[in-house]
Ligand code: AN0
Ligand code: CP
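Residue numbers (the numbering used here): 1 to 346.
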């Protein structure tokens with residue numbers, strides 16, 4: 001996906017000294033060897049202040065185009081653990097609204113263009129995190145990760161995704177760390193299940209979860225109603241099972257998430273609100289006493305019943321706590337001088 005952004009950014013030539021592309025973190029491949037990354041995460045978790053010198057006099061800027069609770073706090077905390085100063089900008093609250101497409105006559109409600117805003121923001125910081133959800137208006141705009149790729153192209157600073165249009169790799173890395181901590185067999189069965197929700201949600205979380213599980217040593221199954229098939233570059237060789245109860249049989253981990261349809265012509269649409277898919281003790285009964293996971297925020301009694309999320313097998317809180325650790329590994333790697341050629345892992 002990183003190779004396609006020039007088509008979107010077009011011929012923009014800002015003659016900016018900041019245009020050299022730095023390292024970035026937008027998907028599982030940017031971590032390189034996953035086992036090493038998990039090992040590093042578990043080491044950091046034992047002593048999260050061991051690298052306080054790395055970020056001294058460095059500034060982390062977090063740019064949010066969308067709301068957040070966990071990402072905002074855990075990423076800021078991760079930066080502080082590394083000795084960084086941290087700044088947060090909410091684009092839609094207090095900053096100028098940004099135009100993101102080139103060639104637009106800017107006579108509407110957006111006073112600033114992202115192509116000026118990015119190098120300006122970059123001039124005040126050393127590492128940039130970006131949250132920019134799918135907008136569901138233009139599938140190509142979303143799936144080419146137009147906004148995050150503009151930051152990568154025009155900031156000259158290391159950029160990491162805090163949930164882009166197609167992926168949420170800090171979440172999926174935290175999920176993997178959590179599975180490693182809680183698994184009680186070498187190769188657990190992990191089931192990603194769609195669940196109902198009143199609003200159309202992006203595919204970023206399930207995409208990244210699939211991306212990571214496909215690389216991890218797990219027996220991975222995806223279950224959803226027909227029509228909710230995810231993009232093939234994320235599903236890859238994973239087993240897709242349309243019968244949720246069948247998918248849950250013998251599961252060691254159940255990972256619930258809603259997402260809107262990906263496939264044309266229904267991109268971004270809600271096709272079902274079938275509450276039979278709400279994760280309850282009925283489905284959990286056929287699992288291998290599975291752990292329950294969700295990235296949060298979660299709508300109770302839509303996605304999962306009170307009983308399951310409050311139950312002894314729910315690990316949603318430690319899962320969220322691991323967001324601090326996944327962010328810290330990623331920021332640490334982005335800050336650390338590296339001789340890796342462009343395109344190599346962090
Ligand atoms: C977002 C989503 O589904 O992508 C963020 C999840 C981390 N969730 C909502 O907007 C409710
Ligand atoms: N899981 C997650 O990214 O939560 P927030 O949207 O609250 O950051």
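Backbone N, C-alpha and C fix where the C-beta goes; we use that ideal spot for every residue, glycine too.
Original post:
Hey, how far is the Cα of residue 111 from the Cα of residue 94?
Top reply: 13 Å
Subject >> Nearest-angstrom beta carbon gap, residue 315 and residue 292 [assumed within contact, 8 Å] >> reply: Contact between residue 292 and residue 315 holds: CB atoms are separated by about 7 Å, below the 8 Å threshold.
Original post:
How long is the line joining the alpha carbons of residue 190 and residue 27, rounded to whole angstroms?
Top reply: 20 Å
**OP:** Return helix, strand or coil for residue 161, following the three-state DSSP convention.
**Re:** Of the three classes helix, strand and coil, the one that applies to residue 161 here is strand, per DSSP.
Original post:
Does ligand 1 have a heavy atom nearer than 7 Å to the CB of residue 133?
Top reply: Yes - ligand 1 has a heavy atom lying nearer than 7 Å to the Cβ of residue 133.
Original post:
CB-CB under 7 Å to residue 1, same chain, minus the five flanking residues each way: which ones, in chain order?
Top reply: Here the model assigns residue 1 a pLDDT of 32, short of 50, so the residue's position is not dependable and the matter cannot be decided.
**OP:** Count the other C-beta atoms from every protein chain shown that fall within 10 angstroms of the C-beta of residue 131, then say buried if there are 16 or more, exposed otherwise.
**Re:** Counting the other Cβ atoms within 10 Å of the Cβ of residue 131 gives 16 or more, which makes it buried.
Original post:
Near residue 106, which residues of its chain fall below 6 Å by C-beta distance, leaving aside the five closest residues on each side in sequence?
Top reply: 99
**OP:** Using 10 angstroms around the beta-carbon of residue 233, count the other beta-carbons present and answer buried if the total reaches 16, otherwise exposed.
**Re:** exposed
Subject >> Extent of the continuous alpha helix (DSSP H) run through residue 182 >> reply: 169-182
**OP:** For residue 259, count neighbouring Cβ atoms within 10 angstroms of its own Cβ and tell me buried if that reaches 16, exposed if not.
**Re:** Buried: at least 16 other Cβ atoms inside 10 Å.
Subject >> Cut-off 7 Å between Cβ atoms - residues of its own chain near residue 241, not counting five sequence neighbours on either side >> reply: 221, 223, 247
Original post:
Under 8 Å between C-beta atoms, does residue 168 make it to chain C?
Top reply: Among the chains of the structure shown, chain C does not appear; only one protein chain is present.
Subject >> Bridge partners - residue 314, DSSP secondary structure assignment >> reply: Residue 314 is bridged to 292.
Subject >> Continuous alpha helix (DSSP H) stretch holding residue 141: start and end >> reply: 139-143
Subject >> Contact under 8 Å by Cβ, residue 280 with residue 308 >> reply: yes
Subject >> Contact belief for residue 333 with residue 170 at Cβ below 8 Å, rounded distance in angstroms >> reply: The Cβ separation is near 12 Å, so there is no contact.
**OP:** Buried or exposed for residue 158, please, with buried defined as at least 16 other CB atoms from any protein chain shown within 10 angstroms of its CB.
**Re:** By the Cβ neighbour-count rule, residue 158 is buried, with 16 or more other Cβ atoms within 10 Å of its own.
**OP:** Keeping to the same chain, check which residues put their C-beta closer than 7 Å to that of residue 67; ignore five residues upstream and five downstream.
**Re:** none
Original post:
So is the beta-carbon of residue 296 under 7 Å away from any non-hydrogen atom of ligand 2?
Top reply: Yes, since a heavy atom of ligand 2 falls inside the 7 Å radius drawn around the Cβ of residue 296.
**OP:** Flag this pair as touching only if the stretch 201-218 and the stretch 165-182 have three or more C-beta atom pairs under 8 Å; answer yes or no.
**Re:** yes
Original post:
Any idea what DSSP makes of residue 7, helix, strand or coil?
Top reply: Residue confidence for residue 7 is low, a pLDDT of 32 falling below 50, so the modelled location carries little weight and cannot support an answer.
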